[in-house]
Every structure is written in structure tokens, then in C-alpha cells.
Amino acid sequence: MLTYPEIDPVALSLGPLKVHWYGIMYLIGFVGGWWLGRIRAARPGSGWTAAQIDDIVFYIALGVVLGGRLGYTFFYNMPAFLDNPLTLLRVWEGGMSFHGGLLGVLIALWLFDRKYRHGYWNTVDFIAPFVTIGLGAGRLGNFINAELWGKVTDVPWAMVFPGAGPEPRHPSMLYEFVLEGPLLFAILWWFSSKPRPTLAVSGLFALCYGLFRFLVEFVRMPDAHIGYLAFGWVTMGQVLSLPLIAIGCAFLLIAYRKAGK
Numbered sequence: 017m018l019t020y021p022e023i024d025p026v027a028l029s030l031g032p033l034k035v036h037w038y039g040i041m042y043l044i045g046f047v048g049g050w051w052l053g054r055i056r057a058a059r060p061g062s063g064w065t066a067a068q069i070d071d072i073v074f075y076i077a078l079g080v081v082l083g084g085r086l087g088y089t090f091f092y093n094m095p096a097f098l099d100n101p102l103t104l105l106r107v108w109e110g111g112m113s114f115h116g117g118l119l120g121v122l123i124a125l126w127l128f129d130r131k132y133r134h135g136y137w138n139t140v141d142f143i144a145p146f147v148t149i150g151l152g153a154g155r156l157g158n159f160i161n162a163e164l165w166g167k168v169t170d171v172p173w174a175m176v177f178p179g180a181g182p183e184p185r186h187p188s189m190l191y192e193f194v195l196e197g198p199l200l201f202a203i204l205w206w207f208s209s210k211p212r213p214t215l216a217v218s219g220l221f222a223l224c225y226g227l228f229r230f231l232v233e234f235v236r237m238p239d240a241h242i243g244y245l246a247f248g249w250v251t252m253g254q255v256l257s258l259p260l261i262a263i264g265c266a267f268l269l270i271a272y273r274k275a276g277k
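The sequence shown lines up with residues 17 to 277 when you count with my numbering.
The following block contains the structure:
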């Protein structure tokens with residue numbers, strides 16, 4: 017069994033102002049995505065400018081924060097919202113959803129493309145590899161916060177998490193960090209390094225993320241106020257990931273069918 021490295025979730029305190037590691041992870045995601053976007057935009061024939069990369073990061077940040085918060089509230093915390101709609105604004109209490117953030121980003125990219133006219137799905141394809149930086153960083157933030165822990169296990173790398181009882185558990189947030197961060201980035205960066213038909217990169221992102229998330233949910237505890245939805249093992253995360261897997265497969269099929277014509 018490994019020892020959980022208890023880290024203060026507050027990275028820096030300046031009087032009443034507290035800077036949390038989780039917020040820093042979001043910043044790392046946005047800055048890392050911006051940096052990689054600048055690298056790709058600088059390639060000859062990319063069709064993108066540095067100024068456009070600066071602008072799209074702003075759009076994405078709005079989509080992630082607003083969509084992530086709305087998604088968490090409507091997918092995972094609807095009873096609390098119906099009881100008190102102001103819970104939507106209590107961001108300091110935590111609660112962000114990847115699936116809601118994804119919808120928020122897709123809407124933000126639509127607004128961005130209305131201005132720059134790259135073609136909506138070309139824009140989504142271009143930005144998909146960079147999103148993984150934020151996904152991976154966010155999972156490290158979950159680990160620091162000792163939240164979203166896994167099921168009880170006896171694997172050698174199990175950890176006892178604060179607030180989760182005395183039993184050792186899967187460090188599921190680290191599994192997600194590896195799968196959604198470095199591994200997904202490597203797959204998409206390699207895949208998108210050569211010209212691909214429109215929708216292909218977006219499809220691969222949706223397929224891989226949905227599959228990775230679906231699998232990790234088997235060893236991750238469901239949200240306590242939701243529990244399992246069916247059969248004693250189906251979670252909300254799996255239900256929301258199945259459409260991503262289906263959409264990813266459909267996008268790849270459509271992309272290469274069109275390319276083959």
C-alpha cells in the first residue's frame with residue numbers, strides 16, 4: 017500500500033485570498049493548451065495565426081467554466097439546484113463536470129468559428145489534442161483535493177484517502193490522469209500530426225475519452241448522492257460516456273467514408 021501524500025488544497029494564502037491547487041491546474045490546462053496551439057499554428061500552411069490562438073483560449077475558458085458548472089449542477093446535483101437555485105453560483109463549494117464542460121466548449125467554438133470561419137469541425141479537430149492538457153491537470157487537482165477516490169482494493173498501489181474511511185482504495189483520479197492526460201495527448205498529437213479527414217480527430221478524441229472514462233468508472237466510487245443507476249455497477253459517468261463512444265465511432269466512419277469517395 018502507498019501512502020497518500022496529504023497536500024494542502026490551498027497553494028497560497030494572501031490575507032483573505034486563497035489560491036487553490038485546483039484553480040492552478042485549470043490555469044496549467046489553459047496555458048499548456050495555448051502554448052501547444054501556438055506551436056501548431058506556427059507550422060507552414062496551418063491557416064491559423066497566433067492572435068487566433070489567443071482568442072480561442074478565451075472562448076474555451078468560458079466554455080469550460082460555464083459548461084462544467086452547469087453540467088455538474090444539472091447532471092449530478094439537480095435536487096440541490098431545485099431546492100435552492102443559488103447553488104449554481106456556489107463555485108467555491110466545488111463541482112465541475114467534464115461532459116458539461118465539453119458541451120460548453122463546443123458551443124464556445126461555434127461562436128469562435130462564426131468570427132474566424134475556419135469551418136466548425138476543422139476548428140474542433142484542431143483544438144482537440146490541446147484539451148487533454150487541461151483534462152490531465154484537472155485529475156491531478158482531484159488527487160490533491162482527495163476527491164473522486166476509487167473502490168476498496170488490495171492492490172499494492174492502493175491508498176487511504178482522507179475522508180474515505182480506513183480502507184485502502186484505488187487512486188482512480190491518477191488512473192484518469194494517465195489515461196485522459198499523457199496517453200490521450202500522445203494518441204491525438206500523433207494522429208493529428210498528419211493531415212486527416214474532417215471529423216477524424218474529433219471522433220478519435222470522443223471515442224478514446226469515452227472508453228477511458230467508462231472503464232475507470234468500474235473502480236471509481238459513484239457520487240454519494242447519486243449512487244449506482246442500475247445493476248449495482250452502472251454509474252452516471254458511464255451513462256454519459258456511452259454517447260461519446262458512439263459519436264466517436266460514427267465520426268470516424270463518416271470521416272473516412274467521405275475521404276474514400
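Cβ atoms here follow ideal geometry from the backbone N, Cα and C, with glycine treated the same way.
Selected residue, minimal CA-CA separation from residue i, among the options
i, options, result
"Gly45", "Glu183, Val171, Phe74 and Gly226", "Phe74"
"Ile203", "Ser188, Phe221, Ala271 and His115", "Phe221"
"Gly179", "Trp173, Gly166 and Pro172", "Gly166"
"Thr214", "His134, Leu18 and Thr251", "His134"
"Phe114", "His36, Phe128 and Leu256", "Leu256"
"Glu196", "Asp170, Glu183, Ala216 and Phe230", "Phe230"
"Glu22", "Val121, Gly48, Ala162 and Gly39", "Ala162"
"Trp37", "Gly181, Asn158, Pro211 and Ala57", "Asn158"
Simplified DSSP state of residue i, which is helix, strand or coil
i, result
"Arg185", "strand"
"Lys34", "strand"
"Arg273", "helix"
"Val235", "coil"
"Lys131", "helix"
"Met17", "coil"
"Asn158", "helix"
"Pro259", "helix"
"Leu215", "coil"
"Ile44", "helix"
"Ile23", "coil"
"Ala180", "coil"
For residue i: DSSP bridge partner residues
i, result
"Phe28", "Phe is not the amino acid found at residue 28; the sequence shown has Leu there. The partner list for Leu28 (beta bridge, DSSP) reads Val35."
"Met175", "Arg185"
"Gly166", "Arg236"
"Ala58", "Answer is none; Ala58 lacks a bridge partner."
"Val250", "Ala246"
Neighbour flag for residue i against chain B, beta carbons, 9 Å
i, result
"Ile270", "No chain B is part of this structure, which consists of one protein chain only."
Whole-number beta carbon distance between residue j and residue i, since they are thought to touch under 8 Å
i, j, result
"Leu119", "Gly150", "Wrong, their Cβ atoms sit about 15 Å apart, outside the cutoff."
"Arg155", "Val168", "That pair is no contact at about 20 Å."
"Met175", "Leu18", "5 Å"
"Met4", "Leu164", "This structure leaves residue 4 out entirely; the chain is present only between 17 and 277."
"Ser208", "Pro145", "5 Å"
"Ala124", "Gly79", "3 Å"
"Thr139", "Leu200", "Their Cβ separation, rounded to whole angstroms, is 19 Å, which puts Thr139 and Leu200 out of contact at 8 Å."
Check: residue i C-beta below 8 Å from any heavy atom of the ligand MN
i, result
"Leu268", "This structure lacks the ligand MN, and indeed carries no ligand of any kind."
Please go through the segment 64-124 and give each complete alpha helix (DSSP H) segment of 4 or more residues, from N-terminal end onward.
-> 66-92 and 94-99
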